[in-house]
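Engineer:
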Amino acid sequence: MKKPSDPEASRDSREQLRQSIIGLGERSIRKSYYPELQQRIAELERSNRELQQEIAERREAQASAKKLARQLQQSQKMEAIGTLAGGIAHDFNNILSAIIGYTELAQLHMVSGCDQGKCPAAKDLDRVLFASERAKELVRQILTFSRQQDYEQSPLRLGQVVTEALGLLRSSLPQSVEIRTKIEVEDELILGNATQIHQIVMNLGTNAKHAIGEKGGVLAVEIDRIEIEPIDEKSKNLQLAPGPYLVLKICDNGCGMERAMLDKIFDPYFTTKPKDQGTGMGLAVVHGIVKGHNGLITVYSEPGKGTSFLIYFPQLVDIPANQTIQYSQELPMGTERILLVDDEVLIARMQGRLLSSLGYTVTVETDPLHALATFAANPAAYDLVVTDMTMPGMNGAGLTRHILGIRADMPVILCTGFSELINETKALAIGVKTFAMKPLVRKSIAKIVRKALDT
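Numbers in our numbering are just positions in the sequence shown, counted from 1, shifted up by 1067.
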C-alpha cells in the first residue's frame, strides 16, 4: 500500500516545474525575437532623432524666412523713399544754390561798408548760410541712405580710420561713458570713403550715448577679420558673398530695444529721442553708407541688455592704400575765360557773378543750343565750359559731347542737383573734366574751377 504524498511537497514540485517551463519559454522567446526587438527599438530611436532634426531645421528655416521677409520689406521701403528723395533733390538743390550764392554775393558787397563783427545784416546773412548748409547736409544725407549720392572710394585701413573717428567721438561723449577698443586688424584694407566711415562711427556712437544716458556705461568698439565660406551657414543667414570680411562691431550696455523698435530703426525720421534731440536720420544714413560700401549691417538688442551693431565690409586684399591729395586752403582765383550754361536764369546769373568775383571773364548762356552755337562760332574764345546737367533741348552730357567734338582739349565741368542719368563715373567716361554736385559755395566753385584749368 502506497504512502499518501505530502501536499506541500507536491505544490513545491509543481511550482518548480512551472518556473522551469517559464524560463525555457523566455529563453526561447529571447533567442528567437530579442535581436529583432533590439533592431526595431534602434530604428525607432533613429527615426525619432531624424524627426527632431527635421523639426529643428523647419523651425530654423521658418525663422530665416521671416528674417529675409523683413529684410526684403526694409529694402523695398528704402528703395521707395530713395526714389522720392532723388525726385526732389534736383529742384531742392537748385533752390539752395540760389540762396547760398546770392547770400555770398551780398556778403562780398558788404565787406567794405559794414564791419561783419557788428553789422546786424552781416550776422543775418551768416545765419542764412548756416541754415542753408544744414539744408544741404539734409539732402546729402537723404541721398546717402538711398544710395543715390556717389562718394569717391579708395583703399583705406579700416582700423586706422575708426581709431581716428573715435578720437573725435571722445570729445562729444560725457566722461561717464567709457570707450573700450579691441582692434585685431592693422594693415587690412577695405575699399571705402574715410569721411563716411567717420560718419558711421559718429552716428552709432551718438546713438550709444543716448541709450546709455546719464548713469554712464561702456561703448565697446571692435574690428575683426572673418572668412565666409561658400557652404558657411552664416553666409546663408546674412546673404554675404563668400570671401574675407572686416567686421566692425559697436556695442553699448544701454537701455536696449524691443523687437518692434528694431524693425524700424533704419527708417528715415524714426527716432526714440525727444523732438529736439534727434532727426531720425542717423541710422538711415548709416544704412545707406554701408550699402554703398557693398557691406551689411545687422543689429542685436534686448531691453535692459544694450545694443550691438555689426557691420561687414568686404576686405580688399593685397592693394596698397592710395595717397590723398591735399589742396591749398587759400581761395584760388584766375583770369581765364569761362562759358557758363544753366537754364535756370537765377542760378546762371548768380554763378556768373561768383566766377567774376574770382577774376574770371564769364559768358552766361541759359539755352544749351544757343550756347553750343556760341562756342562753335569761336572755340578758341574760351578756356573752360561749366554746364548744368538737366536742361531742356539738350542736357549737359549731350552738350559736352558736342563741345568735345568741336574742340577735344576743352575742359568741361558738369554740375547737377541730382540726375539718375549721370554720375561721376558716367561723366568722366564722356570726357568731363570735373563732376560736381550742387549746391556749390563760392569756395568750392573756386577750387573746382582752378583744378579743372590746371590739370
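Yeah, the Cβ is synthetic: ideal placement off N, Cα and C, and Gly gets one too.
1. Mind checking if I1250 is an interface residue toward chain C, Cβ cutoff 8 Å exclusive?
2. DSSP has L1315 in a bridge; who is on the other side?
3. Could you check whether P1399 and G1323 sit closer than 8 Å to each other, using their CB atoms as the reference points?
4. Closest by CA to G1283, which one among V1244, T1273, I1257, V1268?
5. Mapping the DSSP letters down to three states, classify R1237 as helix, strand or coil.
6. Write down every uninterrupted run of the beta strand (DSSP E) in the segment 1239-1278 whose length is 3 residues or greater and which is fully enclosed by it, in chain order.
7. Could you give the DSSP three-state label for D1455: helix, strand or coil?
8. Let's see if you can read the secondary structure: which residues bound the beta strand (DSSP E) around L1407?
9. Curious, which full-length beta strand (DSSP E) runs of at least 3 residues does the segment 1103-1141 contain?
10. Starting from A1503, follow its DSSP beta bridges and name the residues at the other end.
11. Do I1356 and I1267 count as a contact pair if the criterion is CB distance below 8 Å?
12. Determine, using beta-carbon pairs with one atom in the segment 1285-1295 and one in the segment 1314-1330, whether at least three such pairs fall under 8 Å.
13. At what residues does the beta strand (DSSP E) containing P1222 begin and finish?
14. Going by the DSSP bridge assignment, what does V1366 pair with across the sheet?
15. Helix, strand or coil for T1522, going by three-state DSSP, please let me know.
16. In terms of DSSP beta bridges, what is I1295 paired with?
17. Quick check on DSSP: helix, strand or coil for T1170?
18. Would DSSP call L1383 helix, strand or coil?
19. Which residue comes first and which comes last in the alpha helix (DSSP H) that contains T1467?
20. Could you work out which residue in H1265, P1241, G1310 is closest to A1525 when comparing CA atoms only?
21. Kindly indicate which residue of L1439, D1334, D1410, G1463 has the alpha-carbon position closest to the one of I1473.
22. What is the DSSP secondary structure of G1284, reduced to helix, strand or coil?
23. Which one of M1456, I1497, T1457 has the shortest CA to CA distance from L1471?
24. For D1410, count neighbouring Cβ atoms within 10 angstroms of its own Cβ and tell me buried if that reaches 16, exposed if not.
25. For E1028, name the three-state secondary structure that DSSP assigns.
26. Go ahead and label E1147 buried or exposed: buried means 16 or more other beta carbons lie within 10 angstroms of its beta carbon, across all protein chains shown.
27. Can you tell me whether G1362 is buried or exposed? The criterion is at least 16 other CB atoms within 10 Å of its CB, across all chains shown.
28. Taking 7 Å as the limit between beta carbons, can you name the residues of its chain near L1271, skipping five residues before and five after?
29. Exposed or buried, what is A1503 when buried is set at 16 or more other beta-carbons lying within 10 Å of its beta-carbon?
30. Do I1489 and A1464 come within 8 Å of each other at the CB atom, strictly closer than that value?
31. Exposed or buried, which one is G1280 when buried takes at least 16 other CB atoms within 10 Å?
32. Just mark A1444 as buried or exposed, buried being the case when its beta carbon has 16 or more other beta carbons within 10 Å.
33. Can you check whether the CB of G1259 is closer than 8 Å to the CB of H1157?
34. Along the chain, where does the beta strand (DSSP E) that runs through T1492 open and close?
35. For my contact list, L1406 and T1430 are in at a C-beta cut-off of 8 Å; report their separation, rounded to the angstrom.
36. With DSSP collapsed to three states, give me the class of T1430.
Structural biologist: With the structure as the only source:
1. In the structure shown, chain C cannot be found, because there is only a single protein chain.
2. On the sequence shown, residue 1315 is found 248 positions in, with the first residue counted as 1. Answer by DSSP bridge pairing, in chain order: I1290, I1378.
3. Here residue 1323 refers to the residue found at position 256 of the sequence shown. Here residue 1399 refers to the residue found at position 332 of the sequence shown. No, the pair does not count as a contact, with Cβ atoms beyond the cut-off.
4. Working through the sequence shown from its first residue, we reach residue 1283 at position 216. Ranking V1244, T1273, I1257, V1268 by Cα distance to G1283 puts V1244 first.
5. Position 170 of the sequence shown, counted from the start, is the residue given in the question as residue 1237. Note: R1237 maps to helix in three-state DSSP.
6. 1244-1250, 1256-1259
7. Along the sequence shown, one-based indexing puts residue 1455 at 388. Three-state result, D1455: strand.
8. Locating residue 1407 in the sequence shown gives position 340, counting from the first residue. Residues 1404-1408.
9. none
10. Here residue 1503 corresponds to residue number 436 of the sequence shown, with the count starting at 1. In the DSSP output, where bridge partners are listed per residue, A1503 has C1482.
11. What you label residue 1267 is simply residue 200 of the sequence shown in a count that begins at 1. What you label residue 1356 is simply residue 289 of the sequence shown in a count that begins at 1. Closer than 8 Å, so yes.
12. yes
13. On the sequence shown, position 155 is the one that residue 1222 refers to. 1221-1224 is the span of the beta strand (DSSP E), which, as asked, contains P1222.
14. On the sequence shown, position 299 is the one that residue 1366 refers to. Beta-bridge pairing links V1366 to F1376.
15. Within the sequence shown, the letter at position 455 stands for residue 1522. Correct three-state label for T1522: coil.
16. As a first step, residue 1295 is located in the sequence shown; it is residue number 228 there, counting from the start. BP columns for I1295 point to G1310.
17. The residue given as residue 1170 occupies position 103 in the sequence shown. DSSP places T1170 in helix when its eight states are reduced to three.
18. Reading the sequence shown from its first residue, position 316 is the one you call residue 1383. Strand.
19. By 1-based counting over the sequence shown, the position of residue 1467 is 400. Segment 1463-1473, the alpha helix (DSSP H) holding T1467.
20. Residue 1525 lies beyond the stretch modelled for the chain, which goes from 1068 to 1522, so this question has no answer here.
21. Residue 1473 sits at position 406 when you count from the first residue of the sequence shown. Nearest of L1439, D1334, D1410, G1463 to I1473, Cα basis: L1439.
22. Residue numbering aside, residue 1284 sits at position 217 when the sequence shown is read from its first letter. Three-state DSSP puts G1284 in a strand.
23. As a first step, residue 1471 must be located in the sequence shown, where it is residue number 404. Cα-wise, what sits closest to L1471 is I1497.
24. Locating residue 1410 in the sequence shown gives position 343, counting from the first residue. With 16 or more Cβ atoms within 10 Å of its Cβ, D1410 is classed as buried.
25. Nothing can be reported for residue 1028, as the shown portion of the chain is limited to 1068 through 1522.
26. The residue labelled residue 1147 in the question sits at position 80 within the sequence shown. According to the sequence as given, residue 1147 is Ala; it is not Glu. The residue in question, A1147, is exposed, as its Cβ has fewer than 16 Cβ neighbours within 10 Å.
27. The residue labelled residue 1362 in the question sits at position 295 within the sequence shown. Answer is buried; the Cβ neighbour count reaches 16.
28. Here residue 1271 refers to the residue found at position 204 of the sequence shown. Excluding residues within five positions, the ones whose Cβ falls inside 7 Å are I1317, V1353, F1376.
29. Walking along the sequence shown from the start, residue 1503 turns up at place 436. Label assigned to A1503: buried.
30. The residue given as residue 1464 occupies position 397 in the sequence shown. The residue given as residue 1489 occupies position 422 in the sequence shown. Taking 8 Å as the Cβ cut-off, A1464 and I1489 qualify as a contacting pair.
31. Here residue 1280 refers to the residue found at position 213 of the sequence shown. Exposed, by the Cβ-count rule.
32. In the sequence shown, counting from the first residue as 1, residue 1444 sits at position 377. Exposed is the call here.
33. As a first step, residue 1157 is located in the sequence shown; it is residue number 90 there, counting from the start. As a first step, residue 1259 is located in the sequence shown; it is residue number 192 there, counting from the start. It is not a contact, given that the beta carbons lie outside the stated cut-off.
34. The residue you call residue 1492 lines up with position 425 of the sequence shown. Careful: T1492 lies outside any beta strand (DSSP E), inside the alpha helix (DSSP H) at 1491-1496.
35. The residue labelled residue 1406 in the question sits at position 339 within the sequence shown. The residue labelled residue 1430 in the question sits at position 363 within the sequence shown. Going by Cβ atoms, the distance from L1406 to T1430 rounds to 5 Å, so yes, they are a contact pair.
36. Within the sequence shown, residue 1430 is the residue found at index 363, counting from 1. Correct three-state label for T1430: strand.
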